[in-house]
Structure formats: structure tokens, C-alpha cells
Amino acid sequence: MEIILKEKEIKKRVREIARILKKEYKDKNPVVIGVLKGGFVFLADLVREMAIDCTLEFIRLSSYGKKSKIKEEDVKILWDLPLDIEGKDVILIEDIVDTGHTLKFLKNNILKRKPRSLKTVVFLDKYERREVDVDVDIIGFKVPNKFLVGYGLDYNEKFRYFKDVYGLTEEEIERYGK
Numbered sequence: 488m489e490i491i492l493k494e495k496e497i498k499k500r501v502r503e504i505a506r507i508l509k510k511e512y513k514d515k516n517p518v519v520i521g522v523l524k525g526g527f528v529f530l531a532d533l534v535r536e537m538a539i540d541c542t543l544e545f546i547r548l549s550s551y552g553k554k555s556k557i558k559e560e561d562v563k564i565l566w567d568l569p570l571d572i573e574g575k576d577v578i579l580i581e582d583i584v585d586t587g588h589t590l591k592f593l594k595n596n597i598l599k600r601k602p603r604s605l606k607t608v609v610f611l612d613k614y615e616r617r618e619v620d621v622d623v624d625i626i627g628f629k630v631p632n633k634f635l636v637g638y639g640l641d642y643n644e645k646f647r648y649f650k651d652v653y654g655l656t657e658e659e660i661e662r663y664g665k
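Throughout, my numbering is defined as the position within the sequence shown, counted from one, plus 487.
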């Protein structure tokens, strides 16, 4: 596996993002929404570094299209938010954005619930794969178009525990896909 991001640079960037969010939301008690499963490690580290009062919630999505051809209409909510976010400041935490379809669906869904504000924070941006325009307020890292694992990201539920982010080769994808 090829190292794409080392633990040290991830921690540094998480602290930078947390400082930005802390300054903006210090006295607002925002609702921080994590997208499961891949974003949970980033979310946990970010919230600890922000060190502000906030409400944590999670949402879980599933895409039913072919993995390489997911469209917005393929995205379904498997586990929805249990609280009303109307009039609240919301920070949406996502692990990765590539084509943009999933994030666009999610942002539109959340905006329909009429939050006071919505800020999107994405750990990784696979900008080369973008198919739709979707605004992201804060990006952790722009990354190459590789299948990435580690720091919460997985391949067939493997490798989430890695502290670094790695790119899998086609051979590794074939080997670990079984």
C-alpha cells in the first residue's frame, strides 16, 4: 500500500480545521452531523480539538448504483437524524467527496430541514472524479483518484484502524475484496 497521508499531517490539519470551527461556533452550540461510517474517526478527532459544546448526531447513507456510477437518485438514507435541526447551526462532517452526488443529496436534504446555517467539512476531496458542482466549505486534503483506506475509511470493512491514509493498488483491491 502506498501512503497518501501520514498521521502527523492529518493531526496538524485536523487542529487547523478545529481552530476555524471553534472561532466561528464557540458560543453557538452547533449540531455536528457525522456521516457514517467512514467519517467517524475524523469527526471524533475534530470535535475533541474544537473543544466546544455541541450536539452530536449521525446519519447513514447508502448508494444503490454501480460503485463507479452513483448518481444523486441512487442515494438513500438508512439512518436518519433523530432531532429537528430547524433554526440550528449545523456542521456536516463527511469523510470523502468524489463525484459529489452523495454530498449534494445530503446537503439538499439537510437544507430542506431549514437549519439557520450549514457548513460542510470534508476530510478528503477526490476532485478529479467530480461530476456535479457541490460546494464544500472546508476541505482537509485534496487527494488523488485512488481507492483510499485508513483513518476511518475502509475496503470491505478492513483497514479503518490505520492511523495513516493509504491508496490501494488494483492488485490489493482484488486480493482484499474477498
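Each residue gets a CB set at the ideal place from its N, CA and C atoms; glycine is no exception. For clarity, every value in this text was computed on a predicted model and none was experimentally measured.
**Asked** Where does Y638 fall in DSSP's three states?
**Response** The sequence position of residue 638 within the sequence shown is 151, counting from 1. Residue state, collapsed to three classes: coil.
**Prompt:** Span of the alpha helix (DSSP H) holding E615?
**Reply:** For the purposes of this step, residue 615 is identified with residue 128 of the sequence shown, where counting begins at 1. That residue, E615, is in no alpha helix (DSSP H); it is neither H nor E in DSSP.
**Prompt:** For T607, does the three-state DSSP call read helix, strand or coil?
**Reply:** Locating residue 607 in the sequence shown gives position 120, counting from the first residue. T607 falls in the strand class under three-state DSSP.
**Prompt:** Is it the case that the Cβ atoms of I580 and L530 are separated by a distance below 7 Å?
**Reply:** The residue labelled residue 580 in the question sits at position 93 within the sequence shown. The residue labelled residue 530 in the question sits at position 43 within the sequence shown. Yes.
**Item:** Cβ-Cβ distance between E494 and D612 below 7 Å
**Value:** Position 7 of the sequence shown, counting from 1, holds the residue named residue 494. Position 125 of the sequence shown, counting from 1, holds the residue named residue 612. No, these two residues do not count as a Cβ contact at 7 Å.
**Request:** Return the CA-CA distance between E536 and R502, expressed in angstroms with no decimal places.
**Result:** Here residue 536 is taken as the residue at index 49 of the sequence shown, counted from 1. Here residue 502 is taken as the residue at index 15 of the sequence shown, counted from 1. If I take the Cα positions, the gap works out to 6 Å.
**When L508, Y653 and D571 are compared against L598, the one with the closest alpha-carbon** = Here residue 598 refers to the residue found at position 111 when the sequence shown is read from its first residue. Closest by alpha carbon: D571.
**Request:** Kindly list the residues whose CB is nearer than 6 Å to the CB of F610, restricted to its own chain and excluding five residues on each side of it in sequence; keep chain order.
**Result:** Position 123 of the sequence shown, counted from the start, is the residue given in the question as residue 610. Only F529, D582 and G627 meet the Cβ criterion.
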